[in-house]
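What follows is a set of notes on a single structure, which appears directly below.
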Amino acid sequence: MSPRNPALFGKVINWADIPQREIRPGVRRRIFATDEVLIAHHELEVGMEVNPHSHDDFDQLVYIESGRCDYYVDGAANDMRAGSFLLVPRGAEHYVEPTEGPCVNIDFFVPPRADLLAKLELDAVLRDRD
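In terms of our numbering, the sequence shown opens at residue 421 and continues consecutively.
Following this line, the structure appears as structure tokens:
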């Protein structure tokens, strides 16, 4: 059993159950995590401000659930649409620019990002399930 999230075992949680937060205009996020993986669900609007950045401690697996975007990695645009995956290696500068929206971008982080774990809001969701 997981020391961080033992209450997750045997629980069904829907994205709609997890609080959604606007992190900047045109970008809304929900977070789910276990000890081994963190998943960030982003709803992105066309015209949002892009945010080039990199991560030195982990790779990022990107999945586009709906919409379409150009996902830039080290300056190269990758045309992505619903069903597309892209692996962003640690240290690579990357950002997403939606071209059809809303674009739903789901990111997988292994190991979990410590900065996002601090924003995890599953306690209230799990209390509602008991």
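Cβ coordinates follow ideal geometry from the N, Cα and C atoms, glycine included.
Expected contact under 8 Å - CB spacing of residue i and residue j to nearest Å
{"i": "residue 576", "j": "residue 478", "result": "The requested residue 576 does not occur in the structure, where the chain is confined to residues 421 to 550."}
{"i": "residue 489", "j": "residue 525", "result": "7 Å"}
{"i": "residue 487", "j": "residue 521", "result": "5 Å"}
{"i": "residue 513", "j": "residue 438", "result": "Going by Cβ atoms, the distance from residue 513 to residue 438 rounds to 29 Å, so no, they are not a contact pair."}
{"i": "residue 530", "j": "residue 432", "result": "Contact doesn't hold; Cβ gap of about 22 Å is too wide."}
Spatial neighbours of residue i in its chain, beta-carbon cut-off 7 Å, leaving aside the 5 residues before and after
{"i": "residue 475", "result": "510"}
{"i": "residue 508", "result": "479, 480, 482, 493, 514"}
{"i": "residue 499", "result": "490"}
{"i": "residue 442", "result": "448"}
Close-in-space but distant-in-sequence residues of the same chain around residue i (CB under 6 Å, 5 per side omitted)
{"i": "residue 440", "result": "448, 450"}
{"i": "residue 504", "result": "484"}
{"i": "residue 523", "result": "464, 487, 489"}
{"i": "residue 459", "result": "452, 528"}
{"i": "residue 468", "result": "446, 447"}
Coarse secondary structure for residue i, derived from DSSP in three states
{"i": "residue 436", "result": "helix"}
{"i": "residue 441", "result": "strand"}
{"i": "residue 455", "result": "coil"}
{"i": "residue 540", "result": "coil"}
{"i": "residue 476", "result": "coil"}
{"i": "residue 421", "result": "Any reading at residue 421 must be qualified, since the residue scores a pLDDT of 39, below 50, and its modelled position is unreliable; the value itself is stated next. Correct three-state label for residue 421: coil."}
Bridge partner(s) assigned by DSSP for residue i
{"i": "residue 428", "result": "Per DSSP, none; premise fails for residue 428."}
{"i": "residue 463", "result": "448, 524"}
{"i": "residue 482", "result": "506, 527"}
{"i": "residue 490", "result": "499, 517"}
Neighbourhood of residue i by C-beta, 8 Å cutoff - its chain only, sequence neighbours within 5 removed
{"i": "residue 502", "result": "484, 485, 486, 487, 488"}
Closer than 8 Å to chain D by CB, residue i
{"i": "residue 483", "result": "The question asks about chain D, but that chain is absent: this structure has only one protein chain."}
Item to check | Inside the segment 494-533 only - beta strand (DSSP E) runs reaching at least 3 residues | outcome: Annotation: the segment 494-533 contains the following complete segments of the beta strand (DSSP E) (minimum length 3 residues), in chain order: 496-501, 505-508, 514-530.
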